[in-house]
Amino acid sequence: MLTIIRFILMSIAFLFICTVSCFYCLLRPFHRDNVHHTSRYLGKITKLLGFDVEVRIPESVKNIGPVIYVANHQNSYDVFTMANAVQPSTVSVGKKSLKWIPIFGQMYWLTGNILIDRKNTSKAMGFINLTAKKIIDKKLSIWMFPEGTRSRGRGLLPFKTGAFRTAALANVPIVPICASNQVGTIKLGRWNNGKIIIEFLDPIYISDNTPASARAAADQAYRLMKVKIEQLDEEIENSAKINNQKGDK
Numbered sequence: 048m049l050t051i052i053r054f055i056l057m058s059i060a061f062l063f064i065c066t067v068s069c070f071y072c073l074l075r076p077f078h079r080d081n082v083h084h085t086s087r088y089l090g091k092i093t094k095l096l097g098f099d100v101e102v103r104i105p106e107s108v109k110n111i112g113p114v115i116y117v118a119n120h121q122n123s124y125d126v127f128t129m130a131n132a133v134q135p136s137t138v139s140v141g142k143k144s145l146k147w148i149p150i151f152g153q154m155y156w157l158t159g160n161i162l163i164d165r166k167n168t169s170k171a172m173g174f175i176n177l178t179a180k181k182i183i184d185k186k187l188s189i190w191m192f193p194e195g196t197r198s199r200g201r202g203l204l205p206f207k208t209g210a211f212r213t214a215a216l217a218n219v220p221i222v223p224i225c226a227s228n229q230v231g232t233i234k235l236g237r238w239n240n241g242k243i244i245i246e247f248l249d250p251i252y253i254s255d256n257t258p259a260s261a262r263a264a265a266d267q268a269y270r271l272m273k274v275k276i277e278q279l280d281e282e283i284e285n286s287a288k289i290n291n292q293k294g295d296k
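My numbering applies: residue 48 is where the sequence shown begins, and numbers increase by one.
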């Protein structure tokens, strides 16, 4: 019963936020802060799902200016968990087909996110140039998932270099974002689903605009994120054990 109630409430809240966001964005379509404002409300849906989200941002990242954020992509709950970490003047990159999803697709487009055709690899360089130009001209930060797909419990998947080539071309740093595991830990039928931790890492600067430098930066980000995600998962697990021990007393 709890699963059904939560699913209904989650769906209603999601559709309501997307609908209101569409009307709001019609007043200022593609504004640089539309994504940030909408994300603030989407992030509150985690309360309905029974878990908290803790966001950790180091001083080295605060007020840093235009960057490319690269985050691990786990499952569909990312739209709620990661929403809590979206910073001002940030837009994301998503597949072009998203715009055909009723209400959500229109919201995603009107908020100013960048839509790409992932099936057309011949346009990859054009997308990189376009995104770099948006960063430079509009002083935007870009949120990307370098794995290119949801990992669905398979751990951190290998990184593609598109985000890193874009950062090199726009001459902006990469900021890795690590979220603790949420695959299998969020259960709609359980009252308390604990906590998800999202932690920003220190910026990574790319030395020059070459494929080799982009690949090196991607490998560096992957290594750092893999270690940090494992640390966050261990922290969550240890915290849960302590809470269980307190509950047994």
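Built from N, CA and C at the ideal position, the CB exists for glycine as well.
inquiry  = Whole angstroms are fine: how far does the CA of Leu248 sit from the CA of Pro135?
reply    = 17 Å
inquiry  = Using a 10 Å radius around the Cβ and a threshold of 16 neighbouring Cβ atoms, would you call Lys275 buried or exposed?
reply    = buried
query = Using 8 Å as the Cβ pair cut-off and three pairs as the minimum, do the segment 266 to 285 and the segment 237 to 255 touch?
reply = yes
query = Does the separation of the CB atoms of Ile163 and Lys142 fall below 8 Å?
reply = yes
request  = Rank His84, Trp156, Lys186 by C-alpha distance to the C-alpha of Asn110 and give the top, closest one.
outcome  = The shortest C-alpha separation from Asn110 is found at Lys186.
ask   = Pick from Trp238, Gln121, Phe77, Thr213: whose alpha carbon is nearest that of Asn176?
value = Thr213
Element boundaries [alpha helix (DSSP H), containing Trp156] = For Trp156, the enclosing alpha helix (DSSP H) starts and ends at 151 to 157.
inquiry  = Looking at the secondary structure, which residues open and close the alpha helix (DSSP H) in which Ala132 lies?
reply    = First-last for Ala132: undefined, no H or E at that position.
Nearest-angstrom Cβ-Cβ length linking Ile233 and Tyr124, presumed shorter than 8 Å = 6 Å
query = What whole-angstrom Cβ distance do Ser260 and Ala215 have, given they're in contact under 8 Å?
reply = Right, their Cβ atoms sit about 6 Å apart.
inquiry  = I'd like to check one pair, Thr137 with Tyr116: are the Cβ atoms closer than 8 Å?
reply    = yes
query = Under a Cβ-count criterion, where at least 16 other Cβ atoms within 10 Å of its own Cβ denotes burial, should Glu101 be classed as buried or exposed?
reply = exposed
inquiry  = For Leu59 and Thr66, I'd like the C-alpha separation in whole angstroms.
reply    = Note that residue 59 is Ile in the sequence shown, not Leu. C-alpha separation (whole angstroms): 10 Å.
request  = Could you tell me the boundaries of the alpha helix (DSSP H) in which Lys94 lies?
outcome  = From DSSP, the alpha helix (DSSP H) with Lys94 extends over 92 to 95.
key: 6 Å CB neighbourhood of Val114 in its chain, flanking five on each side removed   = Cβ neighbours of Val114 beyond the five flanking positions: Ser188, Val219, Pro220, Val222.
ask   = Looking at the unbroken beta strand (DSSP E) that takes in Arg103, where does it start and where does it end?
value = 99 to 103
Coil, strand or helix - Val114 by DSSP = coil
ask   = Near Arg237, what residues of its chain come up, given a Cβ to Cβ distance below 7 Å and the 5 sequence neighbours on each side ignored?
value = Gly97
query = Apart from the five residues just before and just after Ile283, which ones in its own chain have a Cβ nearer than 6 Å to its Cβ?
reply = Ser227
request  = Compute the Euclidean distance between the alpha carbons of Phe63 and Asn81, then round it to the nearest angstrom.
outcome  = 16 Å
inquiry  = Here's the rule I'm using: 16 or more other beta-carbon atoms within 10 Å means buried, otherwise exposed. How should Glu246 be labelled?
reply    = buried
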